[in-house]
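Participant: Dumping the structure here so I can ask a few things about it.
2 protein chains.
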Amino acid sequence: MKSIIIASTSTIHGSGYLEYLLDELAVHFKSAKEILFIPYARPGGISHDDYTNTAAKAFAKIGKTIKGIHECSSPEDAIENAQGIFVGGGNTFVLVSQLYKNNVLLPIKTAVTNGTPYLGTSAGSNICGLTMNTTNDMPIMYPPSFKTLGLVPFNINPHYLDPIEGSTHMGETRETRIKEFHAYNNQPVIGLREGSWITVTGNKRTLKGTLQARIFEYNKAPYEIETNSDLEFLK
Amino acid sequence: MKSIIIASTSTIHGSGYLEYLLDELAVHFKSAKEILFIPYARPGGISHDDYTNTAAKAFAKIGKTIKGIHECSSPEDAIENAQGIFVGGGNTFVLVSQLYKNNVLLPIKTAVTNGTPYLGTSAGSNICGLTMNTTNDMPIMYPPSFKTLGLVPFNINPHYLDPIEGSTHMGETRETRIKEFHAYNNQPVIGLREGSWITVTGNKRTLKGTLQARIFEYNKAPYEIETNSDLEFLK
């Protein structure tokens, strides 16, 4: 049975890495002693080792050890044998390029579909959607495809940002960008604000955290849904 | 001799479409009666016709007519015969996909290198750089390549945005994104603030407008340059 947490962000303002999620993660990964970490997205260009250390420090607080996938001789075997998987945030273009290069997209999809608990934050959440077309990241690397895991039947927009009142900047708002996405694509998009996450348990999908999320459906005005909403309607 | 204007934005806050640039454009396009407009980037998903009308209204103020490339039976011939070319802003992924699909990237490069005056705003400026890897746009379409016109020997980041003081949002700042770009690429990037533009006249490249621009070079701390700076050092 699928068991997935899709979080908007790893870190909320004024709190440590993963801190706001640790209670939830202790339950989510209760059957795992060691969690396989995929550091490919390299936020700020940091090394796989440094990024893995950051994740390890956070998970140590709930008694879990972390192994970086880059330390494993076979990434595919590492995924198949993982007790839990965590894909961290950073740049989605870099992450997806590396997932394709190492042939691990399908193994991750298979493992998670078969019940390996998964956590994604930011870029690691983006890839749970049908495609990475609604990432906010800069396209600093050219991946072989924008197709991602499709663990949920919609697209994710993490770090969802409301229009800034009084802004004089002429760059597109997030809402305009997603509207442009729907000029060429018809799958729904969920704008997940920082501090929100989605849980997937089998076929049940639920919005969690204290905030509303913004839903963008093809040919429909965007609207808000409350936390604890059931997301089965979204497909 | 190359004659190019690479503008950060078409519109500055509180002023009409292209208004702040019209005096400059009257000179830039002095030899052209009709300008070929490339509306492929479709800001907000608007139609090619509607977008072309917007451009036509602005250029009417300086006595120029506009023809949309989508109205021409052969886009390649239209470019070869153009008295001037304007590529408008919108979504860079859509723009570049359409430029490849219609086989017009090389014809534009040839025409502009041979002296056809060119104006780019936002996405239309982005493509003047070596690659589109430093666009701010959402990847709503998958182009065949991120390689662009290379009319200047660096990359452009239009709508450059300084970090917002006191922001609690955890998404990456523009500066962080460009730093991540330099983890995998080594060409310089110019962050062009809204209201700035670059002129290219033959081999002379100059920063114009009233603002400073921010320069990002590989393995170097970012720094500011003054308006009217010569950009020949940037390569």
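Just so you know, the sequences run in chain order A and B. Take the first sequence: its letters are residues 0 to 234, numbered as in numbering that gives the first Met the number 0. Take the second sequence: its letters are residues 0 to 234, numbered as in numbering that gives the first Met the number 0. Even for Gly, the Cβ is constructed at its ideal location relative to N, Cα and C. This one's a predicted model, so the numbers in the text were calculated from it and none came from an experiment.
Let me see if you follow: with CB-CB separation under 7 Å, is residue 90(B) close to chain A or not?
Facilitator: Residue numbering aside, residue 90(B) sits at position 91 when the second sequence is read from its first letter. Interface residue, yes.
Participant: Please classify residue 171(B) as buried or exposed, where buried requires at least 16 other C-beta atoms within 10 Å of its C-beta.
Facilitator: The residue given as residue 171(B) occupies position 172 in the second sequence. Classification of residue 171(B): buried, given that the 10 Å Cβ count is 16 or more.
Participant: How about residue 4(B) and residue 196(B): are their beta carbons less than 7 Å apart?
Facilitator: Residue 4(B) sits at position 5 when you count from the first residue of the second sequence. Residue 196(B) sits at position 197 when you count from the first residue of the second sequence. Yes, these two residues count as a Cβ contact at 7 Å.
Participant: Among the residues of its own chain, which have a CB less than 8 Å from the CB of residue 99(B), if the five just before and after it don't count?
Facilitator: As a working mapping, residue 99(B) is identified with position 100 in the second sequence. Excluding positions up to five away in sequence, the list reads 142, 143, 144.
Participant: Name the chain B residues whose beta carbon is nearer than 8 Å to that of residue 0(A)?
Facilitator: Looking up residue 0(A) in the first sequence gives position 1. Within 8 Å Cβ-Cβ: nothing; residue 0(A) doesn't reach chain B, min ~31 Å.
Participant: Quick one: what does DSSP say residue 163(B) is sitting in, helix, strand or coil?
Facilitator: As a working note, residue 163(B) is residue 164 in the second sequence. Coil, per DSSP.
Participant: Check whether the Cβ atoms of residue 85(A) and residue 36(A) sit closer than 7 Å, and answer yes or no.
Facilitator: As a working note, residue 85(A) is residue 86 in the first sequence. As a working note, residue 36(A) is residue 37 in the first sequence. In this structure, residue 36(A) lies closer than 7 Å to residue 85(A) by Cβ.
Participant: Does the segment 4-20 of chain A come within contact of the segment 107-124 of chain A, defined as at least 3 CB pairs closer than 8 Å?
Facilitator: Cβ pair count under 8 Å is three or more, so yes.
Participant: Between which two residues does the alpha helix (DSSP H) holding residue 139(B) run?
Facilitator: For the purposes of this step, residue 139(B) is identified with residue 140 of the second sequence, where counting begins at 1. No alpha helix (DSSP H) holds residue 139(B); DSSP gives it neither H nor E.
Participant: Can you give me, in chain order, the residues of the segment 136-161 of chain B that have a beta carbon less than 8 Å from any beta carbon in chain A?
Facilitator: Here the close residues are 136, 137, 138, 139, 140, 141, 144, 145, 158, 160.
Participant: So what does residue 117(A) bridge to, in DSSP terms?
Facilitator: Taking the first sequence and counting its residues from 1, the one referred to as residue 117(A) is at position 118. Its beta-bridge partners are 3(A), 84(A).
Participant: Check for me: the beta strand (DSSP E) holding residue 203(B) runs from which residue to which?
Facilitator: Counted from its first residue, the second sequence places residue 203(B) at position 204. Looking at the DSSP string, the run of the beta strand (DSSP E) that includes residue 203(B) is 203-207.
Participant: Within the 7 Å Cβ cut-off, does residue 213(B) reach chain A?
Facilitator: Here residue 213(B) is taken as the residue at index 214 of the second sequence, counted from 1. Taking Cβ atoms only, chain A never reaches closer than 7 Å to residue 213(B), which makes this a no.
Participant: When you check each C-beta in the segment 162-194 of chain B against every C-beta of chain A, which residues fall closer than 9 Å?
Facilitator: Answer in chain order: 163, 166, 167, 168, 169, 170, 171, 173, 175, 176, 177, 178, 179, 180, 181, 182, 183, 184, 193.
Participant: In whole angstroms, what is the alpha-carbon distance linking residue 148(B) and residue 20(A)?
Facilitator: Residue 148(B) sits at position 149 when you count from the first residue of the second sequence. Residue 20(A) sits at position 21 when you count from the first residue of the first sequence. Each residue's Cα considered, the two are about 45 Å apart.
Participant: Nearest by alpha-carbon distance to residue 203(A): which of 231(A), 185(A), 78(A) is it?
Facilitator: On the first sequence, position 204 is the one that residue 203(A) refers to. Minimum Cα distance to residue 203(A) is reached at 231(A).
Participant: Which residues in the same chain have their Cβ closer than 7 Å to the Cβ of residue 222(B), if we skip the five residues on either side of it in sequence?
Facilitator: Against the second sequence, residue 222(B) aligns to sequence position 223. Result list for residue 222(B): 214, in chain order.
Participant: Please compile the residues from chain A whose C-beta is within a distance smaller than 8 Å of the C-beta of residue 12(B).
Facilitator: For the purposes of this step, residue 12(B) is taken as the residue at position 13 of the second sequence. By Cβ distance, chain A contributes 167, 168, 169.
Participant: Among the candidates 137(A), 182(A), 105(A), whose CA atom is the shortest distance from the CA of residue 182(B)?
Facilitator: Residue mapping note: residue 182(B) aligns to position 183 of the second sequence, counting from 1. Residue 182(B) has its Cα closest to that of 137(A), out of 137(A), 182(A), 105(A).
Participant: With distances taken between CB atoms, is the gap from residue 90(A) to residue 31(A) smaller than 7 Å?
Facilitator: Translated into positions along the first sequence, residue 90(A) becomes position 91. Translated into positions along the first sequence, residue 31(A) becomes position 32. No, Cβ-Cβ distance for residue 90(A) and residue 31(A) is not below 7 Å.
Participant: Could you give the residue range of the beta strand (DSSP E) that holds residue 67(B)?
Facilitator: Position 68 of the second sequence, counting from 1, holds the residue named residue 67(B). From DSSP, the beta strand (DSSP E) with residue 67(B) extends over 64-67.
Participant: Counting pairs of beta carbons, one from the segment 121-133 of chain A and one from the segment 7-15 of chain A, are three or more of them closer than 8 Å?
Facilitator: The answer is yes - the segment 7-15 of chain A touches the segment 121-133 of chain A, with three or more Cβ pairs under 8 Å.
Participant: Pull up the CB-CB distance for residue 190(A) and residue 154(A), whole angstroms please, since I reckon it's below 8 Å.
Facilitator: Indexing the first sequence from 1 puts residue 190(A) at position 191. Indexing the first sequence from 1 puts residue 154(A) at position 155. So it is not a contact: roughly 10 Å between Cβ atoms.
Participant: Less than 7 Å between CB atoms is the rule here; does residue 101(B) satisfy it with respect to chain A?
Facilitator: Walking along the second sequence from the start, residue 101(B) turns up at place 102. Cβ-Cβ to chain A under 7 Å: no for residue 101(B).
Participant: Can you find a CB in chain A that lies within less than 7 Å of the CB of residue 201(B)?
Facilitator: Within the second sequence, numbered from 1, the residue matching residue 201(B) stands at position 202. Cβ-Cβ to chain A under 7 Å: no for residue 201(B).
Participant: What residues from the segment 41-61 of chain B come within 8 Å of chain A, judged by C-beta to C-beta, listed N to C?
Facilitator: Listed by position along the chain: 41, 42, 43, 44.
Participant: How close, in whole Å, do the beta carbons of residue 18(B) and residue 82(B) come, if the pair is a contact with beta carbons under 8 Å?
Facilitator: As a first step, residue 18(B) must be located in the second sequence, where it is residue number 19. As a first step, residue 82(B) must be located in the second sequence, where it is residue number 83. Actually they are not in contact, since the Cβ atoms of residue 18(B) and residue 82(B) sit about 22 Å apart, beyond 8 Å.
Participant: Just to confirm before moving on: does the CB-CB distance between residue 180(A) and residue 139(B) stay below 7 Å?
Facilitator: Within the first sequence, numbered from 1, the residue matching residue 180(A) stands at position 181. Within the second sequence, numbered from 1, the residue matching residue 139(B) stands at position 140. Contact: yes.
Participant: Expressed to the nearest angstrom, what Euclidean distance is found between the alpha-carbon atoms of residue 244(B) and residue 66(B)?
Facilitator: Residue numbering for chain B in the displayed model covers 0 to 234; residue 244(B) lies beyond these limits and cannot be assessed.
Participant: Kindly list, in the order they appear in chain A, the residues whose Cβ is closer than 9 Å to that of residue 133(B).
Facilitator: As a first step, residue 133(B) is located in the second sequence; it is residue number 134 there, counting from the start. Here the neighbours are 137, 138, 139.
Participant: Which residues in chain A sit within 7 Å of residue 198(B), going by Cβ to Cβ distance?
Facilitator: Residue numbering aside, residue 198(B) sits at position 199 when the second sequence is read from its first letter. Those within 7 Å of residue 198(B) in chain A number zero; the least Cβ separation is about 21 Å.
Participant: Have a look at the DSSP bridge pairing and note the partners of residue 35(A).
Facilitator: Numbered from 1 along the first sequence, position 36 holds the residue referred to as residue 35(A). Note: residue 35(A) sits in a beta bridge opposite 66(A), 84(A).
Participant: Provide the residue span of the alpha helix (DSSP H) that contains residue 50(A), from first to last.
Facilitator: Stepping through the first sequence from its first residue, residue 50(A) is reached at position 51. Its alpha helix (DSSP H) spans residues 47-59.
Participant: Would you verify that the beta carbon of residue 8(A) is, or is not, closer than 7 Å to some beta carbon of chain B?
Facilitator: Here residue 8(A) is taken as the residue at index 9 of the first sequence, counted from 1. By this cut-off, residue 8(A) is an interface position.
Participant: Below 6 Å CB to CB, which residues in the same chain sit around residue 185(A) once its five sequence neighbours on both sides are set aside?
Facilitator: In the first sequence, the residue the question calls residue 185(A) occupies position 186. The residues are 217.
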